[in-house]
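Here's the structure we're looking at; comments come further down.
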Amino acid sequence: MTELPRDRLTAAFARRARDGSKVLVPYITAGDPDLDTTRDLVLAAARAGADIVELGVPFSDPSADGPVLQRAAERALASGTHLGKVLALAASVSPTIPLILFGYLNPFLQYGFERLAADAARAGVSGLLVVDLPPEEAGPLLAALRPHGLALVPLITPVTPPERVALANENADAFAYYVSTTGVTGLTLASSDAGSRVADVRSMLECPLVVGFGVRTPEDATRLAATADGVVVGSALVDLAFKTAPAARAQVVHDYLHSLRAAIDSGAAPA
Numbered sequence: 250m251t252e253l254p255r256d257r258l259t260a261a262f263a264r265r266a267r268d269g270s271k272v273l274v275p276y277i278t279a280g281d282p283d284l285d286t287t288r289d290l291v292l293a294a295a296r297a298g299a300d301i302v303e304l305g306v307p308f309s310d311p312s313a314d315g316p317v318l319q320r321a322a323e324r325a326l327a328s329g330t331h332l333g334k335v336l337a338l339a340a341s342v343s344p345t346i347p348l349i350l351f352g353y354l355n356p357f358l359q360y361g362f363e364r365l366a367a368d369a370a371r372a373g374v375s376g377l378l379v380v381d382l383p384p385e386e387a388g389p390l391l392a393a394l395r396p397h398g399l400a401l402v403p404l405i406t407p408v409t410p411p412e413r414v415a416l417a418n419e420n421a422d423a424f425a426y427y428v429s430t431t432g433v434t435g436l437t438l439a440s441s442d443a444g445s446r447v448a449d450v451r452s453m454l455e456c457p458l459v460v461g462f463g464v465r466t467p468e469d470a471t472r473l474a475a476t477a478d479g480v481v482v483g484s485a486l487v488d489l490a491f492k493t494a495p496a497a498r499a500q501v502v503h504d505y506l507h508s509l510r511a512a513i514d515s516g517a518a519p520a
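Per this note's numbering, residue 250 is the first one in the sequence shown, and the count goes up by one each step.
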């Protein structure tokens with residue numbers, strides 16, 4: 250049977266589950282500060298034990314992003330990064346690690362859903378996450394993605410009602426993404442009961458669930474991985490990369506992600 254692009258995502262979760270661990274998913278803004286740097290960071294993430302990379306497609310009005318990711322998008326746009334260039338980058342790194350295109354609806358609409366699905370599959374992308382796409386409006390995008398074997402990753406928040414969680418479950422072809430805080434990205438974890446809320450959402454899904462928004466430390470990663478199937482780290486990673494000298498950036502990112510990987514593996518290991 251021919252492997253579909255989204256099958257690489259399913260395989261990543263299955264592999265970690267067999268090992269008694271959880272997936273690690275770093276978010277990297279494509280083109281910040283340039284595409285060559287992005288390529289180096291994606292490869293460093295793979296070496297550090299990341300399982301999937303979210304490639305952020307820069308957009309001029311990233312309403313769900315905090316200051317760190319807003320500035321990253323500004324730098325990426327200033328460097329001339331656009332969706333076509335992100336797809337070209339994806340083609341160069343997708344053989345190494347599965348990729349999710351993470352972005353806002355407008356650039357994808359402008360590109361065209363059918364064209365995007367075909368080009369993304371050709372580039373080795375495994376799926377898309379569209380921050381501002383309500384689950385009840387996902388039909389046209391799903392209709393374009395599924396014939397090409399691409400997954401749509403739905404977002405679930407602490408205030409998503411059960412009926413919308415059920416719809417997100419129907420839309421999810423590989424996994425779903427739980428936003429552990431309300432508001433913009435980059436906030437700290439909202440409360441100590443985040444784990445119990447993750448467990449509640451997880452019980453309503455038939456697919457794996459990853460948790461993000463607010464993960465900064467190995468302790469954060471361990472705590473959330475205890476009740477989810479994976480952990481996403483975004484703003485903290487982007488901020489670290491930006492504040493690191495270019496010559497050391499890939500190594501520092503590698504070491505940071507390796508610390509999260511070790512913490513997740515240690516926390517998931519049986520006593």
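Note that beta-carbon positions come from the ideal geometry of N, C-alpha and C, so glycine has one too.
Between Leu273 and Arg510, the CB-CB gap stays under 8 angstroms.
Annotation for Phe462: no alpha helix (DSSP H) segment contains it, and DSSP assigns it neither H nor E. In this structure the region 322-333 does not lie against the region 375-395, because fewer than three pairs of beta carbons, one per stretch, are closer than 8 angstroms. DSSP, read as helix, strand or coil, puts Pro282 in coil. When the five nearest sequence neighbours on each side are left out, the beta carbons in the same chain lying within less than 7 angstroms of the beta carbon of His503 are those of Ala293, Arg296 and Ala297, in order along the chain. With contacts defined as CB atoms closer than 8 angstroms, Val374 and Val291 fail to qualify as a contacting pair.
About 11 angstroms separates the beta carbon of Thr476 from that of Gly516, a gap too long to meet the 8 angstroms contact definition. Taking 8 angstroms as the upper bound for CB-CB distance, Val481 and Val460 are in contact here, some 7 angstroms apart.
By the neighbour-count definition (other C-beta atoms within 10 Å, threshold 16), Asp289 is a buried residue.
For Gln319 and Thr406, the gap between their C-alpha atoms comes out near 20 angstroms. Shown here for Arg265: same chain residues with a beta carbon closer than 7 angstroms to its own, the five before and five after excluded, namely Lys271, Val272 and Asp300 in chain order. Residue pairing by DSSP places Tyr427 opposite Ile405 and Val460 in a beta bridge.
For Glu363, the enclosing alpha helix (DSSP H) stretches over residues Phe362 to Arg371. Contact check for Leu486 and Pro275: beta-carbon distance about 5 angstroms, within the 8 angstroms limit, so the pair qualifies.
Your pair Thr278 and Gly305 checks out as a contact, with CB atoms roughly 4 angstroms apart and the cut at 8 angstroms. Per the coordinates, the alpha-carbon of Leu382 lies some 16 angstroms from the alpha-carbon of Glu412.
Counting C-beta atoms within 10 angstroms of its own C-beta, Ser484 has 16 or more neighbours from the protein chains shown and is therefore classed as buried. Under the DSSP assignment, Gly298 falls outside any alpha helix (DSSP H); it carries neither an H nor an E label.
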